[in-house]
Each structure stands twice: as structure tokens, then as C-alpha cells.
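Below is one structure, written out as C-alpha cells, with a few remarks after it.
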RNA sequence: GGACCUGUAGCAUAAUUGGAUAGUGCAUCUGACUACGGAUCAGAAGGUUAGGGGUUCGAAUCCCUUCAGGUUCACCA
């Protein structure tokens with residue numbers, strides 16, 4: 007049983023005996039004692055004053071006395087205003103350490119046999135390369151999946167690739183017209199970059215065409231509709247839908263280029279999926295649901311034949327589900343893919359990692375599914391994350407401020423190379439070892455920088471600051487890990503071992519602070535899982551690294567003369583390294599043995 | 001215009017979900033036995049938590065309101 011739960015029972019018993027009332031257990035919340043006061047855990051007695059009938063000081067003091075007498079876990083207590091600060095006995099921390107430090111899976115819960123959680127993330131369009139916004143999405147989705155796994159869930163990571171539609175037709179058309187038949191390998195170019203360039207080419211050519219039409223006297227909107235390029239792209243989409251062999255073949259070829267490019271990006275980022283859905287295979291699925299809805303009378307048809315869902319009773323608008331020509335829209339497809347996922351996996355949760363500009367879309371999605379009588383509509387959860395902005399504002403493709411994912415990663419790795427070389431840290435490294443190290447540091451810095459921010463919040467990505475490797479950064483954590491490994495290597499070389507030594511009888515302040523933080527790790531993982539927030543893990547592992555550095559600065563480890571204490575400190579260092587490694591891995595951050 | 005979201009030191013961000021004197025990093029200033037690895041550590045300075053009202057023992061957090069910014073309300077995805 008956990009410390010908090012044990013102490014809660016002790017507390018409740020004490021309260022009942024002293025004041026003859028039994029408070030609601032939920033009223034008793036243990037929090038970490040603030041560092042300026044002695045103690046480990048604090049209970050706030052203010053909510054209990056009505057039941058105790060005494061003032062805050064007296065209530066707290068009497069409870070403290072009673073608890074101390076009734077359990078050996080409490081070694082001392084003090085009262086400040088209405089706060090009862092409890093000092094947990096060193097023996098408790100030491101026996102916790104003895105047990106936990108032999109557990110290689112510390113922090114991970116065994117996988118339960120309940121239904122799986124499906125996490126969708128990434129979900130790119132195939133007409134352009136991945137950019138900074140996708141980076142946040144990918145890192146978040148992947149990390150949340152890992153955290154859920156660590157908390158005992160079975161997780162299925164899925165990607166829904168938007169591989170069809172007018173956007174890819176635009177790229178295809180541009181390549182036909184301006185591509186000169188050149189393949190990515192002819193141009194020494196990643197395939198996704200080439201297709202992206204073609205998309206831009208289309209846009210430019212279209213604009214030029216529209217402009218000439220406007221100067222010829224057309225209204226802008228009209229010109230956009232009438233432009234030859236636009237109508238050609240639309241014709242191409244129609245042909246694609248009819249299954250035209252030439253178009254399909256070009257489409258497959260160009261999407262193939264894009265996937266090869268994406269694979270490189272995903273691989274470097276360390277992202278993977280258990281299942282990939284393609285929209286070209288799922289975009290018709292929602293139609294059956296719409297038909298069913300019409301039959302049940304929860305959807306209605308307008309005079310022109312289009313199908314709608316009336317959500318005005320729920321404070322929303324009417325939502326189109328089928329166009330007059332019978333084709334489906336984004337919402338229709340999402341209805342279908344949700345149903346597909348439920349049939350595929352029968353999950354307890356369907357988590358969608360999608361930017362907060364689609365909040366409305368997901369509100370509507372759930373409502374429509376509810377109206378369609380799908381009891382699992384409530385299993386749908388939109389993990390709505392904030393935009394990534396640059397110091398000068400949002401990324402704008404028109405202004406060329408879009409930060410490309412590949413370039414970003416490369417820049418981070420290059421900076422890691424420069425910094426590390428500058429510091430002279432790679433003596434004795436082979437070229438391959440050094441490269442692997444730069445990769446770990448550069449990507450660790452990037453991942454930590456992005457994941458340490460609460461997902462829901464809009465974040466500012468400052469390229470200058472993100473490549474700072476001091477302070478609250480990934481490399482700081484990696485450095486701490488490497489330092490510990492240096493110690494444990496030396497300890498092993500010197501033949502020091504924990505075997506045969508018991509535990510010391512008490513703890514120095516810095517030792518206790520460390521043990522206390524290590525104790526908190528499983529709770530942090532659980533909390534991060536329920537909150538879907540890697541930021542909690544990131545902030546935790548930073549605190550842990552910082553706490554170790556304080557300990558390291560003040561307390562001798564290998565230099566300690568007393569063998570038993572030295573053995574304990576080596577063990578404590580090693581266990582800290584293990585937890586740093588474990589928590590980092592939940593963020594997708596690798597830690598180096600040396601750096 | 002309707003709906004939703006956000007606002008914390010110069011900058012970037014925390015705050016155990018209503019708890020103590022609002023933490024941390026960067027930047028600025030000062031220090032660390034001549035390193036068990038200085039990508040570290042110790043310290044200083046920096047705040048009316050956008051403004052105003054309210055709820056209560058207690059508010060960055062909940063309610064009302066004003067201001068500022070953002071998203072959305074597509075037969076785009």
C-alpha cells in the first residue's frame with residue numbers, strides 16, 4: 007500500500023478517536039511539504055475544522071501527536087497555521103529504496119487485460135513535407151502512447167494518411183506540367199519535398215492565371231473557379247474517383263515518393279505506428295452511416311438532395327454530411343473511420359491527437375455519433391493541442407516561415423555537434439559513436455523542448471533558445487545521466503559493490519530529497535497518463551536530474567570512506583540513473599553513457 | 001455577430017486540479033576547497049498572476065464583467 011493511503015487510514019483513525027467524527031476520505035489530501043518547512047508530507051486541516059470543533063492549530067497538533075504515537079512511519083511533525091507537516095521516518099525511505107531499486111521495471115505497471123486504447127496521431131496530407139506543427143503532433147502522440155503503456159494500458163498507435171483529394175491532384179498536375187519527368191533521385195531530393203514543391207508550383211501558376219483573368223475583367227472568385235488549372239485539377243480528381251488507370255498510376259507513384267520521404271522523417275524522429283489507415287481506402291465508409299441516419303430519421307435531406315444533421319438543439323449549427331451530388335465530406339469520412347476503428351479494435355478509448363483548431367469538428371463528430379445511436383461516442387477523446395508559434399507569430403507558408411521538420415532536426419544535431427566538439431567531450435569516441443551521440447543530444451533537446459510544455463497550450467518555438475543546452479533542457483538531463491554512469495563505471499572498476507552491505511541507519515538531507523523524488527515516479531506516470539500530458543514527465547525528470555546534481559555537489563560518493571554508506575550512495579546514484587532513463591524514454595529521449 | 005480557448009518577471013514556462021511567502025530556466029549581477037565530469041552547483045535581483053468586482057477560512061485556479069490576442073462557425077481536410 008502506498009504511503010499516502012496508509013497514512014490516510016492512520017489519519018482517519020486518529021481523527022475519529024480524537025473528535026468522534028469520521029471525515030470524508032476525499033477531504034484529506036496529502037501534498038508535498040514546502041521545502042522551507044521541515045517535513046515530507048502535509049495535510050491541510052482547514053476543511054476539517056467544522057468536524058473537529060477546534061481551532062486549526064489545536065486540531066493539527068492533536069492529530070500530529072496521535073499519529074506519531076500510532077505509527078512508526080511518522081518520525082516527527084510540526085504545525086504551521088492549519089498545516090500539519092509530517093516527517094516520514096528514514097527507515098521508511100530506506101526500505102522503499104531497498105525494494106524499488108531491485109525492480110528493473112520500476113515505474114511501469116503490468117499491462118492490464120482491459121480493452122485497448124487507440125491513439126491516432128500524425129495524420130499528414132501527402133502533398134507536402136512535415137513541418138514544425140507535425141513535429142509537436144508526432145512527439146505528443148507517440149509520447150502519450152508510451153505513457154499510457156507504462157500506466158498499464160494496451161495501446162494501438164494509428165496514423166490516418168490523407169492520401170487523396172484535390173490537394174494531391176494539384177501536385178500531380180503540376181508535376182505533369184512543370185516536372186519535366188524528373189524523379190526524386192534525378193534531383194537528389196526527398197520525395198515528399200519534390201511533391202511539396204510541385205504543390206507550391208501549382209499555387210503560383212494558379213495565382214498568375216487568376217491574375218490575368220482578373221485584369222481581363224473577371225471577379226476574383228469567378229476567376230478562381232474558371233481558371234484552367236483549377237478545372238483541370240478537378241477533372242483529375244473525378245478521373246481518380248472513377249479509377250482512371252493513368253491517373254491512379256501517377257497517384258501511386260507520387261504518393262510512393264512521399265511515403266519514402268515520410269519514412270525517413272519518422273525514423274529520425276523515432277516515431278512509429280501499429281497501423282496505418284489510408285483515406286483512399288476509408289473515404290467512402292461514412293456513407294452507410296449516413297444512410298442509416300436517414301432511415302432512423304436523425305438526419306434529413308434538403309431539396310437539392312444534400313444530407314444534413316441538425317445540431318441547433320445542442321447550440322451548434324446544421325452540419326452537412328453528404329453533398330447534393332452524393333459525395334462525402336471530411337466529417338462523413340471521420341464518422342466512417344471511427345466506426346472502422348471500433349470494429350477493428352473494440353477499444354475503451356479513441357484518442358485523436360489533433361490541433362485545437364478542430365475543436366468544433368470533434369464536438370460535432372461526437373454529437374452526430376450520439377444521434378446515430380453509437381454508445382461508444384463518448385469514448386472519443388480529442389487530445390487538443392495548441393499551435394506552435396514562432397517568436398514573430400504563426401508559421402506562414404506565404405511568408406516562407408514554415409519550419410521544415412527535417413531541416414529542424416538536422417539543425418539541432420549540427421548544433422549538438424558544434425557544442426560537444428567545442429567542449430572537447432568526445433575524446434576517444436569513434437566517428438560512428440560521436441555521430442550517434444550528436445543525434446541523441448540534438449533530438450533529445452528538440453523533444454524535451456517541445457514536450458515540456460503543457461500540450462493544451464499554444465507554445466512559442468524560439469530557434470535560438472531551443473538550441474540552448476544549459477538549464478531546463480534535454481541535454482541537461484542527458485548530461486546528468488552520463489555523469490552518473492561515469493560514477494557507476496568507476497565504482498565497478500574499483501570493485502565496489504552493494505552486495506553484502508546493509509542499509510545505513512539514516513539519511514542526509516540531500517539523500518532523502520532524492521529518494522523522495524524517486525518514490526514519486528510511479529505516481530507521476532499515472533498522473534501523466536490520466537492527464538495525457540508528457541509535460542508532467544518532462545518536468546519530473548528535470549527535477550530529478552537537478553536534485554541529483556545537488557546531491558552530487560554536496561555529498562561524496564566514491565570518496566566516502568565508510569564502505570556501507572559508499573555502497574548505498576552508489577546504489578542510489580545507479581537507481582536515479584535508471585529512473586532518468588525510464589522517464590526519458592517515455593518522451594522518446596535517449597540518454598548517452600558518455601557525453 | 002454566435003461559440004470556444006488563452007492571458008503568470010524582459011523572454012520561455014511551472015504550480016499536487018481551491019491551499020502556506022506564485023516555483024524553474026534563459027538573459028543580468030556575484031561566488032564555488034585548483035572538478036567522484038563546470039553542458040554543474042551556491043547566491044542576488046526581477047511579480048498588483050491583463051484590469052475590476054464577487055464566492056470563502058484560503059483564488060493564478062471557480063463565477064460575473066471589461067480589455068487584449070487566438071481559433072472556429074466551408075458543399076476544404
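Numbering (the working numbering), first residue to last: 7 to 601.
Every residue gets a Cβ at the ideal spot worked out from N, C-alpha and C, and that includes glycine.
Item: Between which two residues does the alpha helix (DSSP H) carrying residue 327 extend?; Value: Premise fails: residue 327 lies in the beta strand (DSSP E), 324–328, not in any alpha helix (DSSP H).
Item: Count the other CB atoms within 10 Å of the CB of residue 556; is the residue buried (16 or more) or exposed (fewer)?; Value: exposed
Item: Beta-carbon within less than 6 angstroms of residue 103's beta-carbon, same chain only, minus the 5 sequence neighbours each way: which residues are those?; Value: 521
Item: Are there 16 or more other CB atoms within 10 angstroms of the CB of residue 244, so buried, or fewer, so exposed?; Value: exposed
Item: Taking the Cβ atom as the reference point for each residue, do residue 291 and residue 345 lie within a distance shorter than 8 angstroms?; Value: yes
Item: Tell me whether residue 26 is buried or exposed, calling it buried when 16 or more other Cβ atoms sit within 10 Å of its Cβ.; Value: exposed
Item: Determine the contact status of residue 128 and residue 168, defining contact as a CB-CB distance below 8 angstroms.; Value: no
Item: At the level of alpha carbons, what is the spacing between residue 293 and residue 369?; Value: 20 angstroms
Item: Have a look at 515, 179, 264 and 595 and flag the residue whose alpha-carbon is nearest the alpha-carbon of residue 42.; Value: 515
Item: Enumerate in chain order the residues of its own chain whose CB-to-CB distance from residue 166 is below 7 angstroms, with the five nearest sequence positions on each side excluded.; Value: 126, 129, 283, 285 and 343
Item: For residue 596, count neighbouring C-beta atoms within 10 Å of its own C-beta (all shown protein chains included) and say buried if the count is 16 or more, exposed if not.; Value: buried
Item: At which residue ranges does the stretch 485–542 contain complete alpha helix (DSSP H) runs of 4 or more residues, listed in the order of the chain?; Value: 515–537
Item: Using only alpha-carbon positions, find the residue among 177, 11 and 466 that is nearest to residue 455.; Value: 466
Item: Run the CB neighbour count on residue 68, radius 10 Å, all protein chains shown included, and call it buried at 16 or more, exposed below.; Value: buried
Item: Can you tell me whether DSSP reads residue 27 as helix, strand or coil?; Value: coil
Item: Answer yes if the stretch 301–315 comes into contact with the stretch 259–269, meaning at least three C-beta pairs across the two stretches below 8 angstroms, and no otherwise.; Value: no
Item: My output table needs one value for residue 289: the three-state DSSP class, helix, strand or coil.; Value: coil
Item: Determine the direct distance from the alpha carbon of residue 45 to that of residue 94, and round the result to whole angstroms.; Value: 7 angstroms
Item: Ignore the nearest five residues each way along the sequence and tell me which others in residue 326's own chain have a CB closer than 7 angstroms to its CB.; Value: 312, 314 and 335
Item: Which residues in the same chain as residue 212 place their Cβ atom closer than 7 angstroms to its Cβ, once the five residues preceding and following it in sequence are excluded?; Value: 233, 235 and 236
Item: Among 586, 322, 576 and 512, which has the Cα closest to the Cα of residue 495?; Value: 576
Item: Which residues bound the alpha helix (DSSP H) around residue 264?; Value: 251–275
Item: Give me, in chain order, the residues of the same chain whose beta-carbon lies closer than 6 angstroms to that of residue 390; leave out the 5 immediate sequence neighbours on both sides.; Value: 362 and 365
Item: Which residues mark the beginning and the end of the alpha helix (DSSP H) in which residue 348 is found?; Value: 336–351
Item: Starting from the C-beta of residue 586, find all residues in its chain whose C-beta is less than 7 angstroms away, skip the five residues before and the five after it, and write them out in chain order.; Value: 483, 486, 487, 547, 550, 551 and 597
Item: Hey, is the stretch 192–199 in contact with the stretch 265–273, meaning 3+ C-beta pairs nearer than 8 angstroms?; Value: yes
Item: For residue 158, which residues in the same chain have their Cβ closer than 7 angstroms to its Cβ, ignoring the five residues on either side in sequence?; Value: 115, 116, 117 and 118
Item: According to DSSP, residue 160 sits in a beta bridge with which residue or residues?; Value: Per DSSP, none; premise fails for residue 160.
Item: Please report how far the alpha carbon of residue 331 lies from the alpha carbon of residue 416, in whole angstroms.; Value: 47 angstroms
Item: Can you name, in chain order, every residue of its own chain whose Cβ lies under 6 angstroms from the Cβ of residue 81, other than the five neighbours on each side?; Value: 93 and 95
Item: Please state whether the Cβ-Cβ distance between residue 491 and residue 599 is less than 8 angstroms.; Value: yes
Item: When you compare the CB positions of residue 399 and residue 463, do they come within less than 8 angstroms of one another, or not?; Value: no
Item: If distances are taken between C-alpha atoms only, which option among 30, 70 and 588 comes closest to residue 48?; Value: 70
Item: DSSP beta-bridge partners for residue 315?; Value: 325
Item: Given this structure, state the Cα-to-Cα distance separating residue 384 from residue 592, to the nearest angstrom.; Value: 27 angstroms
Item: Using three-state DSSP, classify residue 149 as helix, strand or coil.; Value: helix
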